Amino acid sequence: MKTCKQFDLSATMIRTIFILSAVVIISNAFSSQKSLLDARSKTSSHRRNFGGIQKMSNSNDGNIFKVTSAEMDEMAMLTQEESTIVDVFRRCGPSVAYVTSSVSNNMLPSQRNRRRRRPQSNDKEENDKNDEAANSIPLGSGSGFTVHKDGYIVTNYHVIQRAYQINNATESVPKFLQGLRPKAIIKVRGLDASDSKLTTCRIVDVKPELDIAILKAEKYESNLATPLKYADSTKLLVGQRVVAIGNPFGLEKSVTSGVVSALNRNIDGVAGNKIRNCVQTDAAINPGNSGGPLLNSRGQVIGVNTMILSTTGSFAGVGFAVPASSVRKFADEAISKDFFKNRRDGDDYPGWLGLEIGDDSLSSSLLGGEKKGVVITSVKKDSPALEAKLKGDGSEAIVALCGSKVTNASELLKLLREKNEGEEIYLTVESLSSTNRERRRVYLTLKKKPV
């Protein structure tokens, strides 16, 4: 009997140990499974992050041009050269646009209806983007920059060349057939700090010989970024610091820096001609930078990035920009003509220079009897002429306006009537006090005439 009780006790203990062992094994199995799941989750998360890097997202958290207090402390540690580049980017970056073009994919009505029956999401904006993407074919993209407060943009002609040619071909066919032909659309983004959407543009004018095109963004008004100013590219020095801002490979608002490597380079343009006096630089320029500004250390445009010289297709240290002086002359004329052509009836936007000139007899006597200029006799307070430091004491004469010669007062007034408020012009001024009649070029922005 004692032996049986001992056996029963031993059997009970064995069963208990077996059950506890099973619980431990099952618990360990669950723990191993959980560890495996956690490891897989971490691996999956790592892969998603890696995929995001590979995708090279354009999204920026916050305003990249706004300086925070922490950044102010960091900027105090920068070298003078670094501070200059940061300052140019902060001031000029908002004025650089992403330019893209596409062509509508015209299909038969039955095809369009089938396309519309695809599943739709609850996000109307996302559906609109999907519809637009499905019904258009991309033609290319690049960069541009604003040069006028009313939304005029400078870019390369080759950036919008295919769109321009498609629309020109459409316009040449009879009106009753135009609806069957594709239509190219050009859009820009990045000039309005409060709006990241693409905005439709129209082509104002093109000059293939310079590889330059002027666009007009229709919707930009009060939030438009500050227009960039031109520098006199004829006064550049080899070795001076330059900054390029653009959208290489679609990466918007990218900045690179370098120096002026050489001047007066002649390069082959898209029109088959030579573009003369181009600026050579070693600032990195890649596909997508075309049409963006090449800036000096003061944030002024010295050229429009247009081409690289490379055996591989990637940047190899040799890039070229169309000189600002050539770009400016064409852009100012195109914008002025378009402004007057498209202004509303009754609108009047005359530009005010803020100076008085002598009559032809006075100018002729002060100029030694030669009719080749108009003498400045007075400069108004708070005027563009005063800001440009023109002298109103009869010691200077205006001999040209934006490259057009001025020989008398009526010619000057006629040229000024074609200029608008807010438009930047340049005057060629001759000194009458110096023996060799030195001349200088003066840049100024016309204002609204005070009441």
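Counting from 1 along the sequence shown, just add 41 to a position and that's the residue number in the numbering used here.
Idealized CB from N, CA, C, for every residue including glycine.
Because the structure is a prediction, the values reported are computed rather than measured.
Taking a cut-off of 8 Å on C-beta distances, the stretch 362-369 touches the stretch 338-348, as three or more cross pairs fall below it.
Taken through DSSP and simplified to helix, strand or coil, P364 comes out as strand.
Put simply, of I398, E428, E115 and L485 the residue whose alpha carbon is nearest the alpha carbon of N449 is I398. The secondary-structure analysis by DSSP pairs D309 across a beta bridge with K315. As computed with DSSP, Q321 is found in a beta bridge with A303 and F361. Within a 10 Å sphere around the beta-carbon of K294 sit 16 or more other beta-carbons, which makes this residue buried. From the listed residues D191, M116, H199 and I194, the smallest Cα separation to S182 is found for H199. The bridge partners DSSP lists for K248 are I253.
One thing to note: V470 has its Cβ within 7 Å of the Cβ of E437. If you ignore the 5 residues before and after V195, its C-beta comes within less than 7 Å of the C-beta of G185, F186, V188, I253, I255, V345, V368 and A372, all in its own chain and listed in chain order. The DSSP assignment places 437-442 and 465-472 as complete runs of the beta strand (DSSP E) inside the stretch 427-481, in order along the chain (cut-off: 3 residues). Here E428 is exposed, its C-beta having fewer than 16 other C-beta atoms within 10 Å. As far as DSSP is concerned, L408 takes part in no beta bridge. If you ignore the 5 residues before and after E250, its C-beta comes within less than 7 Å of the C-beta of G310, A312 and N314, all in its own chain and listed in chain order. V300 and S177 have their C-alpha atoms spaced approximately 40 Å apart. One Cα belongs to K228, the other to R243, and the distance between them is close to 8 Å. Here V415 is buried. Its C-beta has 16 or more other C-beta atoms within 10 Å.
About 5 Å separates the beta carbon of S298 from that of V284, a gap short enough to meet the 8 Å contact definition. Ranked by Cα distance from R306, the options V279, G354 and R480 are led by V279. Each of T476, T141 and K238 was checked against the Cα of G329, and the nearest Cα belongs to T141. Residue state for F186 is assigned as strand, using DSSP reduced to three classes. The three-state secondary structure of N197, taken from DSSP, is strand. For M116, the secondary structure class from DSSP, reduced to helix, strand or coil, is helix. The Cβ atoms of K489 and E459 do not sit closer than 7 Å to each other. Here Y139 is near R230, since their CB atoms are less than 7 Å apart. Looking at the DSSP output, N346 sits in a beta bridge with A362.
For I398, the enclosing beta strand (DSSP E) begins and ends at L396 to I398. Closest in C-alpha terms to E374, from the list N327, L456 and G433, comes L456. Restricting attention to D434, S445, A117 and A210, the CA atom closest to the CA of S474 is found in D434. One alpha carbon belongs to A441, the other to E452, and they sit about 10 Å apart. About 6 Å separates the beta carbon of K421 from that of L396, a gap short enough to meet the 8 Å contact definition. Annotation: the continuous beta strand (DSSP E) that includes T418 extends over V415 to V420. Each residue's CA atom was taken as its position, placing G332 and A325 some 14 Å apart.
Of all alpha-carbon atoms in A225, L408, S355 and I286, the one lying nearest the alpha-carbon of T476 is that of L408. With fewer than 16 other Cβ atoms inside 10 Å of its own Cβ, P179 counts as exposed. In this structure, S472 sits near E479, with a CB-CB distance shorter than 7 Å.
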